[in-house]
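My numbering numbers the first residue of the sequence shown as 9 and each following residue consecutively.
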Amino acid sequence: MQGFEYPAEPHVRRHGPAGYADYGSYRDWLRDEFIFRCVYCLHREQWYGRPGTFDIEHFVPVSVDPLGKCEYTNLLYACRTCNAAKTNVLAVPDPCSVAFGDCLRIERDGEVAPLNADGKKLRDVLCLNSPFNVSYRSRWMRTLETLRDCDPQLFEEFMGFPENLPDLRRKHEPANTKPDGVEDCYFALRERGELPTTY
C-alpha cells in the first residue's frame, strides 16, 4: 500500500550541511532529507500530529564514535520508538548504503517480513513486529485504505507533506558540501508549484 513501501534504492543524500556545533541544528535538514518520516519504520510526521515524536538518530552511536556526533552523514531521521530501540546498536544496515526495499516488506496485516539477513536484523533490533507496532501499523494501513476510497481529500492530507516545511535556503549553515540541494528542498518545490500532492 502507498506509504508502506521501503525504498528500492539506497538513500542518496541531497544535502550536505556541515560545521554545526550542536547536532540539533541539523533537524530541519534531516526532516527534508528523509522526507518527513522515520527511515526505519516509515511512519510520517503527518500521522503523529504533535512535535517531539521524531529524533535525530546517530547511525554510529556517539558512545562508539564521539566525533560522529555532529557529522551530517552519520545522522538519520527516526521516530522516537525506533531511535530508542537502536540506541548503541551497530548491527543494522545503513539506509544510505543498503536498499531497505531489498531487506523488508510490509504485509497487508501490518507485519514486517524480512527478505534477507539484513532485514532480520532490522526487524529484530528495531522491534518492528512488536505487538504494538504491528497493531499500530495495521490500523494506519486500514485507515488510509478507507480514506483513499471514501475521503480522498483527507487521504491526501495524511499522505502529503507537512505544512511546516523548512526553507533550507534561509539556513546559515557554517559549511555545505552540496549547496545546490537547497533549491530542491520541499519548501522550494512547493513555492514553485512542483510539490507532489502525496508521496
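We treat Cβ as the ideally placed atom computed from N, Cα and C, and that holds for glycine.
ask   = Are LEU38 and HIS66 close, meaning C-beta to C-beta below 8 Å?
value = Walking along the sequence shown from the start, residue 38 turns up at place 30. Walking along the sequence shown from the start, residue 66 turns up at place 58. At least 8 Å separates the beta-carbon of LEU38 from that of HIS66.
query = So, are the CB atoms of PHE195 and PRO174 less than 8 Å apart?
reply = As a position in the sequence shown, residue 195 is number 187, starting the count at 1. As a position in the sequence shown, residue 174 is number 166, starting the count at 1. With respect to PRO174, PHE195 sits close: the two C-beta atoms are nearer than 8 Å.
query = Rounded to whole angstroms, how far is the Cβ of CYS111 from the Cβ of ASP126, which I believe are closer than 8 Å?
reply = For this step, residue 111 is matched to residue 103 along the sequence shown. For this step, residue 126 is matched to residue 118 along the sequence shown. Confirmed, about 4 Å.
ask   = With a cut-off of 8 Å, do at least 3 Cβ pairs link the segment 24-35 to the segment 179-187?
value = Touching, per the Cβ criterion.
ask   = Residue range of the beta strand (DSSP E) that ASP63 falls in?
value = For the purposes of this step, residue 63 is identified with residue 55 of the sequence shown, where counting begins at 1. Element bounds for ASP63: 62-66.
request  = Quick one: give me the first and last residue of the beta strand (DSSP E) that PRO122 is part of.
outcome  = In the sequence shown, residue 122 corresponds to position 114, counting from 1. PRO122 -> beta strand (DSSP E) spans 120-122.
key: Within 8 Å, strictly: CB atoms of TYR85 and ILE64   = Counting from 1 along the sequence shown, the entry for residue 85 is found at position 77. Counting from 1 along the sequence shown, the entry for residue 64 is found at position 56. Taking 8 Å as the Cβ cut-off, TYR85 and ILE64 qualify as a contacting pair.
query = Are the beta-carbon atoms belonging to ALA121 and PRO15 less than 8 Å from one another?
reply = Position 113 of the sequence shown, counted from the first residue, corresponds to residue 121. Position 7 of the sequence shown, counted from the first residue, corresponds to residue 15. Not in contact: ALA121 and PRO15 (Cβ atoms no closer than 8 Å).
task = Label ALA99 either buried or exposed according to how many other C-beta atoms from any shown protein chain fall within 10 Å of its C-beta, with 16 as the threshold for buried.
result = Taking the sequence shown and counting its residues from 1, one reaches residue 99 at position 91. By the 10 Å Cβ count, ALA99 comes out exposed.
key: Rounded Cβ spacing between LEU162 and TYR48 (contact assumed at less than 8 Å)   = Taking the first residue of the sequence shown as 1, we reach residue 162 at position 154. Taking the first residue of the sequence shown as 1, we reach residue 48 at position 40. Actually they are not in contact, since the Cβ atoms of LEU162 and TYR48 sit about 26 Å apart, beyond 8 Å.
ask   = Can you tell me where the alpha helix (DSSP H) with ARG39 in it begins and where it stops?
value = What you label residue 39 is simply residue 31 of the sequence shown in a count that begins at 1. 35-41 is the span of the alpha helix (DSSP H), which, as asked, contains ARG39.
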